[in-house]
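See structure below.
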Amino acid sequence: MSELHKFMFEGLPVRGMLVRLTGAWTDILQRREQAGGYPAAVQELLGEMTAAATLMQANIKFNGALVMQIMGDGPVKLAVAEVQPDLSLRATATVLGEVAADAPLSHMVNVNNTGRCAITLDPKDRQPGQQPYQGVVPLFGDRHEKLEKLSEVIEHYMLQSEQLDTRLVLAANDKVAAGLLIQRLPLQGEANLAGAGAVARDEDQIGLNEDYNRIAILAASLKREELLELDAETILRRLFWEEDLRRFEPLVGDEGPRFACTCSRERVSGMLRSLGRDEIESIIAEQGQVEVGCDFCGAQYRFDPVDAAQVFLQPHTQPPATPNLQ
Ligand SMILES: [Zn+2]
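Have a look at this one:
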């Protein structure tokens, strides 16, 4: 069963999380099987993205979707993993062209060093016209060297957006997508007392906290095979047996990570409306109907000429999307 474990290091400014997606991940892959599935390297990338996005969503207190996107300049044009606050999730990738089974990250999404990774936080109660928050990082390091690990890209993002040291270990195959996150906590107590001065001191702590550094090195010693094959108890015991770990109740089942698609006929109608009447009428003239497939779950939405005309009727009386359709 897919599960998420949260833990803290007693008395130290360090926390961690371990996610193991099994059913949630194989559901995503099964939805793609009809379309031929993903090349092995793309499967690994998308699995790592899904695990990382789950860790990031669970790590923040935010009432809205966390969307991780890689806009690639290679055969993988787009890869998306989206996680809701209740940890329901979905993911998809658009692949045009051949991808070798052992293709490194740069060969898939960063051939010319212009690939990017975007993290979007889209609030549930977003007002019309309000933009979601988005942070974008390149897929290269400080010296413009191409990064070959998704974990390095995300660590870079976390440092940039939160000014916090983060260590990530990610792995995925056709059965499991998993990740371990270790993060240094901000000096909250001092910040409350000293205000802005403490924030500056906290930034000075980047890379310098010995407890964090020791635990991050332990975390980085976790091998890909171990992360994929061992259960959470074994991994945490083996890595941190000398540390005083405080565990929290794991999130599993209905409270844990699971596949769910947020697509709906209402949303597709809204998308058609935004394309405009002329565009839709020309598709109908050509194909007799409009057919839209959901890339995440494979659902097909068909609009015959009557349905399509209705999309443009009374646009203002369209019922607002209800929470369970978002
Ligand atoms: Zn869908």
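If you count the sequence shown from 1, position 312 lands on 312 in our numbering, and the numbers rise without skipping. Think of the CB as a built atom: it goes at the ideal place given N, C-alpha and C, for glycine as much as any other residue. These numbers were taken from a predicted model, which means no experiment stands behind them.
Check                                                                                                                                                                        : Outcome
Thinking C-alpha only, which one of L222, Q43 and R258 is nearest V99?                                                                                                       : Q43
Name the DSSP beta bridge partners of A93, please?                                                                                                                           : A79
Count the other C-beta atoms from every protein chain shown that fall within 10 angstroms of the C-beta of Y38, then say buried if there are 16 or more, exposed otherwise.  : buried
Return the first residue and the last residue of the alpha helix (DSSP H) that R273 is part of.                                                                              : R265 to L275
What I want to know is whether the C-beta of C117 ends up closer than 7 angstroms to one or more non-hydrogen atoms of ligand 1.                                             : no
According to DSSP, what are the bridge partners of P138?                                                                                                                     : R116
What does DSSP give as the partner residues of E291 in its beta bridges?                                                                                                     : R302
Answer with buried or exposed for A194, where buried requires no fewer than 16 other C-beta atoms within 10 angstroms of its C-beta.                                         : With a pLDDT of only 46 at A194, under the threshold of 50, the placement of this residue in the model should not be trusted; the figure read from the coordinates follows. With fewer than 16 Cβ atoms within 10 Å of its Cβ, A194 is classed as exposed.
Give the residues whose C-beta lies closer than 6 angstroms to at least one heavy atom of ligand 1, in chain order.                                                          : C261, C263, C294, F296, C297 and A299
Decide if the region 70 to 86 is in contact with the region 102 to 122; the criterion is three or more beta carbon pairs, one per stretch, under 8 angstroms apart.          : yes
Around the C-beta of T234, are 16 or more other C-beta atoms found within 10 angstroms, so that it is buried, or is it exposed?                                              : exposed
Have a look at the DSSP bridge pairing and note the partners of D254.                                                                                                        : Per DSSP, none; premise fails for D254.
Is the region 82 to 101 touching the region 137 to 144, taking contact as three or more C-beta pairs under 8 angstroms?                                                      : no
Between the alpha carbons of A52 and A285, how many angstroms are there, rounded?                                                                                            : 44 angstroms
Grouping DSSP H, G and I as helix and E and B as strand, with all else coil, what is A191?                                                                                   : Any reading at A191 needs caution, since the residue's pLDDT is 44, under 50, leaving its predicted position unreliable; the model's value is listed next. The answer is helix: DSSP assigns A191 an H, G or I state.
Check whether the region 149 to 166 touches the region 23 to 36, counting contact only when three or more Cβ pairs, one atom from each stretch, lie closer than 8 angstroms. : no
For D295, which residues from the same chain have a beta carbon less than 7 angstroms from its beta carbon, with the 5 sequence-adjacent residues on both sides left out?    : T92
What's the C-alpha gap between V268 and Y301?                                                                                                                                : 8 angstroms
What does K146 pair with, by DSSP beta-bridge criteria?                                                                                                                      : F140
Rounded C-beta distance between L21 and A178? I'm assuming under 8 angstroms.                                                                                                : 7 angstroms
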